[in-house]
Structure formats: C-alpha cells, structure tokens
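To start, the structure under review is shown below, and the notes come after it.
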C-alpha cells in the first residue's frame, strides 16, 4: 500500500513538488497544510486540509510529511516547519524525480527533494530539508549541509562545500573545491 504524505505549504514550490511526487509514484498525497484561510481550496487537485495548528492532530492519521514552502529570500520558515514536524514525530520523506539521476554512491538526508533532470554524482552528501532544483548538477564529492536551496541549472563542481542555510541562485557555476555560504546570486561564477 502506498504511503500517504502531507505537503506543508501550498505555493509554487508545492506545485513543482506535486509533479515530482506524482511521477515518482511512491507516496499518495493526503492533503496540503497551509494558512487557515486557505482550508478547502485546492492545489493541482489536492485539498488544503489544515493549517500548522492541525499538524499534531493529523499525526494520528499521517506519519509522512514534506516541507513544500520554497526558499528564496530566507529559509527561516522552511527550517521552522521542518523542526516542528520532527518534534511532532513525522517522518520526513526524500523525494527524487524519476527524471533525475542520483548515484547510488550519494546520500540524501530526510526532507530533501531532487527535482526533474537534476544530476547528483558519486560521493555527494546532501543534508536535511534541501531543495535540489530542476537541472542542478552536483559533481563528485560535493557536500551540501542542511536547509539549502540549490536553484535551477546550478553547477557545483567537484568537492564544493555548501554551508548550512545557503541559497545558490539559478545558473550559478562554481570552481571546484570552493565553499559557499549565505546568499549566492543568480548567474554568478564562484571561484
């Protein structure tokens, strides 16, 4: 029987994650958790069934969850939600698009999502609650700490270390073995 999962946050990133979950076909989306005033509305055909205040009660029925709030200016809400879910006891899923490639020699921690056409190479380590977005390329020995967002079409070359809570903007490219920390703007070349 397919595991049921709650998605926490119903915006644009949630829509992208729904598409990946539907393609992966490992979880059945039980519903979306969002703001109280949005309860009853739908996101791509899935109902908003509660707000953050309902998460403890919902845990009696559902054991799996995933933070589907995006991260651009700040990851504070993602971190807060992840911490709250863990405290309640939820198991945070790892979601990988069947259109992505993840080496069997890579490690993805709980709560991480790998979007369509991303490539995760050998000896890559990705921490908890990360977004590896569409067409991102993580080369050998890349290490990404918890709560990071690696944006669309980013290239992290061999041995790059991405520190906790870092946002790496779309189309960024790194030299090998550099360290990234904080907010990296889109289109940058990091040497």
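Numbering (the UniProt record's numbering), first residue to last: 1 to 191.
Each residue gets a CB set at the ideal place from its N, CA and C atoms; glycine is no exception.
Source: prediction; values computed, not measured.
| query | On the premise that residue 5 lies in contact with residue 46, defined as a C-beta separation below 8 angstroms, what is that separation, rounded to the nearest angstrom? | reply | Residue 46 sits at position 46 when you count from the first residue of the chain shown. Residue 5 sits at position 5 when you count from the first residue of the chain shown. 11 angstroms between Cβ atoms; not a contact.
| message | Cutting at 6 angstroms between CB atoms, please list the residues of its own chain near residue 162, excluding the five before and the five after it. | response | The residue given as residue 162 occupies position 162 in the chain shown. Cβ within range, chain order: 144, 148 and 180.
| said: Measuring straight from C-alpha to C-alpha, what distance separates residue 91 and residue 120? | reply: Taking the chain shown and counting its residues from 1, one reaches residue 91 at position 91. Taking the chain shown and counting its residues from 1, one reaches residue 120 at position 120. Residue 91 and residue 120 have their C-alpha atoms some 23 angstroms from each other.
| message | Just to confirm the assignment, what range does the beta strand (DSSP E) spanning residue 79 have? | response | Within the chain shown, the letter at position 79 stands for residue 79. Counting along the chain, residue 79 falls outside any beta strand (DSSP E), though it belongs to the alpha helix (DSSP H) covering 76-88.
| Does the beta-carbon distance from residue 17 to residue 113 come in below 7 angstroms? | For this step, residue 17 is matched to residue 17 along the chain shown. For this step, residue 113 is matched to residue 113 along the chain shown. Yes, the pair counts as a contact, with Cβ atoms nearer than the cut-off.
| Taking the runs of the beta strand (DSSP E) that are 3 residues or longer, which of them lie wholly in the UniProt domain "PglD N-terminal" (5-85)? | Whole beta strand (DSSP E) segments, 3+ residues: 27-33, 46-50 and 64-67.
| field | Bridge-paired residues (DSSP) for residue 173 | value | Counted from its first residue, the chain shown places residue 173 at position 173. Looking at the DSSP assignment, residue 173 forms a beta bridge with 155 and 189.
| So what's residue 99 in DSSP terms, helix, strand or just coil? | For the purposes of this step, residue 99 is identified with residue 99 of the chain shown, where counting begins at 1. Looking at residue 99 - three-state DSSP - the assignment turns out to be coil, as it is neither helix nor strand.
| message | Closest to residue 83 by C-alpha separation, out of 73, 103, 96 and 55, would be which residue? | response | Against the chain shown, residue 83 aligns to sequence position 83. Closest option to residue 83, Cα to Cα, is 55.
| Counterpart residues of residue 143 in DSSP-defined beta bridges | By one-based count along the chain shown, residue 143 stands at place 143. DSSP lists 125 and 161 as partners of residue 143.
| Count the other CB atoms within 10 Å of the CB of residue 61; is the residue buried (16 or more) or exposed (fewer)? | Here residue 61 refers to the residue found at position 61 of the chain shown. That one is exposed.
| query | When we look at the beta-carbon of residue 97 and count the other beta-carbons within 10 Å, is it buried (16 or more) or exposed? | reply | As a position in the chain shown, residue 97 is number 97, starting the count at 1. Buried: at least 16 other Cβ atoms inside 10 Å.
| task | Could you name the residues of the same chain whose beta carbon sits closer than 6 angstroms to that of residue 142, not counting the 5 residues immediately before and after it, in chain order? | result | Indexing the chain shown from 1 puts residue 142 at position 142. So the qualifying residues of the chain are 124, 156 and 160.
| query | Cα-Cα, which of 85, 21 and 23 is closest to residue 52? | reply | Translated into positions along the chain shown, residue 52 becomes position 52. That would be 85, whose Cα lies nearest to the Cα of residue 52.
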